[in-house]
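Novice:
Chains as they are written, first to last, in the working numbering: chain A, 1 to 205; chain B, 206 to 410.
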């Protein structure tokens with residue numbers, strides 16, 4: 001059985017929802033960030049990066065949200081979570097998840113994780129100050145150019161949906177009014193009403 | 206025919222090499238960053254993000270290096286640039302390319318592109334100061350935990366190889382001595398000797 005390592009308030013929420021939507025057979029394992037377990041020797045054996053999510057299968061351990069999401073889709077084809085038979089559509093989907101991990105999540109991370117890129121407290125404060133603008137710019141681009149509706153890729157639910165949902169739940173904390181992005185806000189509301197999402201949110205609560 | 210939009214000294218090098226290694230039929234189009242063409246109205250119609258790479262096919266335009274790389278591999282299966290028949294191995298490959306785009310490239314970007322995340326010149330300087338450490342930490346992790354050798358994923362050349370090669374060519378500029386990572390340095394040397402790589406480097410020169 002798959003073991004899924006997660007912590008609340010992290011991007012692990014996206015893969016966790018995808019596992020539920022796929023009907024996967026998996027055991028969730030909570031990593032306690034308040035005790036710094038993600039940096040403990042036991043967890044570093046699982047993921048030397050000291051981060052979540054991580055997905056342990058009988059063949060080894062997978063990390064990185066875009067990789068885990070596509071793996072879930074490929075190993076649960078009946079759930080139809082990605083356009084696996086169409087290389088161009090799959091690349092469009094991958095472009096969306098790559099943008100979320102390399103740009104949107106990174107913009108957000110400058111609020112709580114500034115020490116990754118600077119040590120001086122004044123610089124860390126300055127990064128925090130700019131987060132509402134940078135996160136807002138990302139969501140404005142997604143709203144205008146990338147989000148098709150009603151789901152990210154159009155008519156069909158895919159692995160991009162729980163990932164966008166996860167990052168959209170951080171908007172208020174990042175000092176951004178989600179009402180500025182009506183399509184993405186409506187998506188967030190619809191997503192939160194899905195049974196799989198409600199179940200996972202309760203586990204993260 | 207595919208049109209591939211690139212600029213020298215960017216991560217577009219990775220996809221450009223992959224196109225050559227795949228034997229793809231494509232037309233390279235150079236975007237002149239010195240004239241800020243990537244922010245011009247014509248290019249923003251191609252890629253509203255104002256970045257390279259972008260790959261135009263008859264079905265539309267793709268962006269984001271991990272997405273373009275997998276698309277090249279999937280549409281040129283004879284070149285065997287990814288383990289397309291093995292979801293777990295493909296996920297391991299994707300975890301590597303996701304790490305490169307979300308963490309390694311981002312660490313590097315704090316040297317030249319600090320204005321993405323801060324406006325205050327002192328904060329931008331502080332980010333630059335930390336780049337040798339953050340980039341070094343990324344390469345140390347890849348050298349110790351992720352790079353199999355002789356290629357990224359082991360015995361077989363994949364799309365991860367030109368991507369790692371691209372970021373490894375930035376090490377000296379980032380103030381990091383590549384000799385600290387002997388496996389990755391040897392990989393960089395071997396890669397630079399491949400005919401496809403030499404051809405693309407000449408086009409970027």
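Glycine included, every Cβ here is placed at the ideal spot set by N, Cα and C.
Kindly indicate which residue of A:175, A:151 and A:31 has the alpha-carbon position closest to the one of residue 189 of chain A.
Specialist: When only C-alpha atoms are compared, the closest one is A:151.
Novice: Does residue 249 of chain A come out as helix, strand or coil in the three-state DSSP assignment?
Specialist: The requested residue 249 of chain A does not occur in the structure, where chain A is confined to residues 1 to 205.
Novice: Might you give, ordered along the chain, the residues of its own chain that have their beta carbon closer than 6 Å to the beta carbon of residue 386 of chain B, omitting 5 neighbours on each side?
Specialist: The residues are 344 and 348.
Novice: Could you confirm whether any beta carbon from chain A is found closer than 8 Å to the beta carbon of residue 412 of chain B?
Specialist: Because chain B here runs from 206 to 410, residue 412 of chain B falls outside it and cannot be looked at.
Novice: Taking 6 Å as the limit between beta carbons, can you name the residues of its chain near residue 367 of chain B, skipping five residues before and five after?
Specialist: If we look at residue 367 of chain B and ignore the five residues flanking it on each side, its Cβ neighbours are 219, 222 and 223.
Novice: If the cut is a Cβ gap below 7 Å, which residues of chain A does residue 350 of chain B touch?
Specialist: Neighbours of residue 350 of chain B on chain A, chain order: 48.
Novice: With which residues is residue 232 of chain B paired in a DSSP beta bridge?
Specialist: Its beta-bridge partners are B:208.
Novice: For residue 34 of chain A, count the other beta carbons within 10 Å of its own beta carbon; 16 or more makes it buried, fewer makes it exposed. Which is it?
Specialist: Label assigned to residue 34 of chain A: exposed.
Novice: Looking at the unbroken beta strand (DSSP E) that takes in residue 81 of chain A, where does it start and where does it end?
Specialist: Note, residue 81 of chain A: premise wrong, no beta strand (DSSP E); not H, not E.
Novice: Touching or not, the stretch 4 to 12 of chain A and the stretch 25 to 34 of chain A, by the rule of three or more beta carbon pairs under 8 Å?
Specialist: Output reads yes: the stretch 25 to 34 of chain A touches the stretch 4 to 12 of chain A.
Novice: The beta strand (DSSP E) with residue 341 of chain B in it runs from where to where?
Specialist: Looking at the DSSP string, residue 341 of chain B is not in any beta strand (DSSP E); the run it does join, the alpha helix (DSSP H), is 326 to 346.
Novice: Which residues in chain A have a C-beta closer than 7 Å to the C-beta of residue 325 of chain B? List them in chain order.
Specialist: Correct list: 126.
Novice: Please state if the CB of residue 66 of chain A and the CB of residue 94 of chain A are separated by a distance shorter than 8 Å.
Specialist: Yes, Cβ-Cβ distance for residue 94 of chain A and residue 66 of chain A is below 8 Å.
Novice: Please classify residue 358 of chain B as buried or exposed, where buried requires at least 16 other C-beta atoms within 10 Å of its C-beta.
Specialist: The residue is buried, with at least 16 neighbouring Cβ atoms inside 10 Å.
Novice: Counting only beta-carbon atoms, is residue 335 of chain B nearer than 8 Å to chain A?
Specialist: Yes - at least one Cβ of chain A is within 8 Å of the one on residue 335 of chain B.
Novice: For the alpha helix (DSSP H) that residue 75 of chain A lies in, which residues bound it at each end?
Specialist: Here the alpha helix (DSSP H) through residue 75 of chain A covers 65 to 75.
Novice: List the residues that DSSP assigns as beta-bridge partners of residue 57 of chain A.
Specialist: Paired residues: A:60.
Novice: Is residue 213 of chain A helix, strand or coil when you go by DSSP?
Specialist: The shown model of chain A, from 1 to 205, leaves out residue 213 of chain A, and the question about it has no answer.
Novice: For the stretch 266 to 277 of chain B, list every residue whose C-beta sits within 8 Å of some C-beta in chain A, in sequence order.
Specialist: Answer in chain order: 267, 268, 269, 270, 271, 272, 273, 275 and 276.
Novice: Give the straight-line distance between the Cα atoms of residue 426 of chain B and residue 195 of chain A, rounded to the nearest whole angstrom.
Specialist: The structure shown does not extend to residue 426 of chain B, since chain B is modelled only from 206 to 410, so the question has no answer here.
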